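Written out below as structure tokens is the structure these notes cover.
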Amino acid sequence: MVLAGIVANEPVDAAKVAKAEKIILGLQARLPAYTAKGAGPFVAAVYDRQGNLVAEAANSVVNGRCSHNHAEMNAIHLAEEKLGTYDLSPYHLHLYVTAEPCVMCMGGIMWSGIEAVYSGVPSKRVEEITGFDEGYKPDWQQAFRERGITVYGNIASEAGEKVLQRYMDEGRTVYKPERSQSIL
Ligand SMILES: [Zn+2]
3 MVLAGIVANE PVDAAKVAKA EKIILGLQAR LPAYTAKGAG PFVAAVYDRQ
53 GNLVAEAANS VVNGRCSHNH AEMNAIHLAE EKLGTYDLSP YHLHLYVTAE
103 PCVMCMGGIM WSGIEAVYSG VPSKRVEEIT GFDEGYKPDW QQAFRERGIT
153 VYGNIASEAG EKVLQRYMDE GRTVYKPERS QSIL
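Structure, rendered in structure tokens:
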């Protein structure tokens with residue numbers, strides 16, 4: 003387990019990092035199977051406190067033709083569908099994701115009632131490796147702390163970076179709004 007470089011909005015708990023590392027490494031290992039079917043290079047999963055999987059989903063922006071189909075949003079949507087609710091907070095659920103959430107997903111996580119977020123590759127590295135625009139980042143970790151949402155980041159990043167690099171090496175789509183183009 004690697005504790006160096008872990009960022010968190012509470013004193014770092016090694017047991018939480020160990021559990022999250024195991025789950026995120028599993029997500030990264032499954033990621034190439036998702037991208038081979040047209041998914042974007044990010045996977046997220048929702049687990050309960052006891053470690054039971056509730057929902058897992060990859061990014062489906064391109065194959066789902068929807069700009070907000072990020073892995074976190076898809077996993078939260080699946081969990082809410084499965085549990086039949088728009089408010090996950092009574093279930094004390096934790097979100098694990100292979101890369102740091104973007105500004106949209108931070109908002110989505112906040113609205114969902116998710117209790118804790120554990121993420122892999124930091125946004126800066128995602129942008130350097132892939133060219134995705136992760137967007138504006140407010141001081142979200144503090145804002146989440148004020149709402150009782152635990153945040154841990156930079157978990158198993160080395161393995162996560164390799165998976166992102168593989169996505170690039172395979173020549174897969176780096177989707178973004180082509181603002182300079184005009185159809186009409
Ligand atoms: Zn996102």
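The sequence shown lines up with residues 3 to 186 when you count with the working numbering. Each residue gets a CB set at the ideal place from its N, CA and C atoms; glycine is no exception. Quick caveat: nothing in here was measured; it's all calculated off a predicted structure.
Go through its chain and collect everything with a Cβ distance to T114's Cβ below 6 Å, but skip five positions before and after it. Counting from one through the sequence shown, the residue named residue 114 turns up at place 112. Inspection of the sequence shows that residue 114 is occupied by Ser rather than by Thr. I78 and L90.
Give the residues whose C-beta lies closer than 6 Å to at least one heavy atom of ligand 1, in chain order. Sorted by chain position, residues whose beta-carbon lies closer than 6 Å to a non-hydrogen atom of ligand 1 are H72, E74, P103, C104, M106 and C107.
Between the alpha carbons of T87 and H96, how many angstroms are there, rounded? Taking the sequence shown and counting its residues from 1, the one referred to as residue 87 is at position 85. Taking the sequence shown and counting its residues from 1, the one referred to as residue 96 is at position 94. Answer to the nearest angstrom: the Cα atoms are 16 Å apart.
Between the region 138 to 154 and the region 173 to 183, do three or more beta carbon pairs fall short of 8 Å? Touching, no.
From the DSSP output, read off the bridge partner residues of H96. By one-based count along the sequence shown, residue 96 stands at place 94. In DSSP, H96 forms a bridge with Y49 and A118.
Which of the three DSSP states, helix, strand or coil, is assigned to G155? On the sequence shown, position 153 is the one that residue 155 refers to. It is a strand residue.
Output the boundary residues of the beta strand (DSSP E) element that contains A60. Locating residue 60 in the sequence shown gives position 58, counting from the first residue. Unbroken beta strand (DSSP E) run through A60: L55 to A60.
Who are V9's beta bridge partners in DSSP? As a first step, residue 9 must be located in the sequence shown, where it is residue number 7. Beta-bridge pairing by DSSP links V9 to G155.
According to DSSP, is V63 part of a helix, a strand, or is it coil? The sequence position of residue 63 within the sequence shown is 61, counting from 1. Residue state, collapsed to three classes: coil.
Rounded to whole angstroms, what is the Cα-Cα separation between P124 and E82? Counting from one through the sequence shown, the residue named residue 124 turns up at place 122. Counting from one through the sequence shown, the residue named residue 82 turns up at place 80. Using only the alpha carbons, I get a separation of about 26 Å.
If we call anything under 8 Å between Cβ atoms a contact, is V19 one with I116? Counted from its first residue, the sequence shown places residue 19 at position 17. Counted from its first residue, the sequence shown places residue 116 at position 114. Their beta carbons are not under 8 Å apart, which means V19 does not touch I116 by this criterion.
Could you tell me the boundaries of the alpha helix (DSSP H) in which Q30 lies? For the purposes of this step, residue 30 is taken as the residue at position 28 of the sequence shown. Annotation: the continuous alpha helix (DSSP H) that includes Q30 extends over A16 to A38.
Between the Cα of G110 and those of E74, C68, K139 and E129, spot the shortest distance and give me the residue it belongs to. Taking the sequence shown and counting its residues from 1, the one referred to as residue 110 is at position 108. The shortest C-alpha separation from G110 is found at E74.
Roughly how many angstroms separate the alpha carbons of A118 and L186, rounded to a whole number? Within the sequence shown, residue 118 is the residue found at index 116, counting from 1. Within the sequence shown, residue 186 is the residue found at index 184, counting from 1. Taking C-alpha positions only, A118 is separated from L186 by approximately 44 Å.
How many angstroms separate the CA atom of M108 from the CA atom of E129? Here residue 108 is taken as the residue at index 106 of the sequence shown, counted from 1. Here residue 129 is taken as the residue at index 127 of the sequence shown, counted from 1. M108 and E129 have their C-alpha atoms spaced approximately 17 Å apart.
Return the Cβ separation of F44 and V99 in integer angstroms, given the expectation that the two are a contact with Cβ distance under 8 Å. For the purposes of this step, residue 44 is taken as the residue at position 42 of the sequence shown. For the purposes of this step, residue 99 is taken as the residue at position 97 of the sequence shown. Confirmed, about 7 Å.
Is the Cβ-Cβ distance between K47 and A57 less than 8 Å? In the sequence shown, counting from the first residue as 1, residue 47 sits at position 45. In the sequence shown, counting from the first residue as 1, residue 57 sits at position 55. At residue 47 the sequence reads Ala, which differs from the Lys that was named. One thing to note: A47 has its Cβ within 8 Å of the Cβ of A57.
Measure the C-alpha to C-alpha separation of I25 and A17 and round it to an integer number of angstroms. As a first step, residue 25 is located in the sequence shown; it is residue number 23 there, counting from the start. As a first step, residue 17 is located in the sequence shown; it is residue number 15 there, counting from the start. Spanning the alpha carbons of I25 and A17 requires a straight line of approximately 13 Å.
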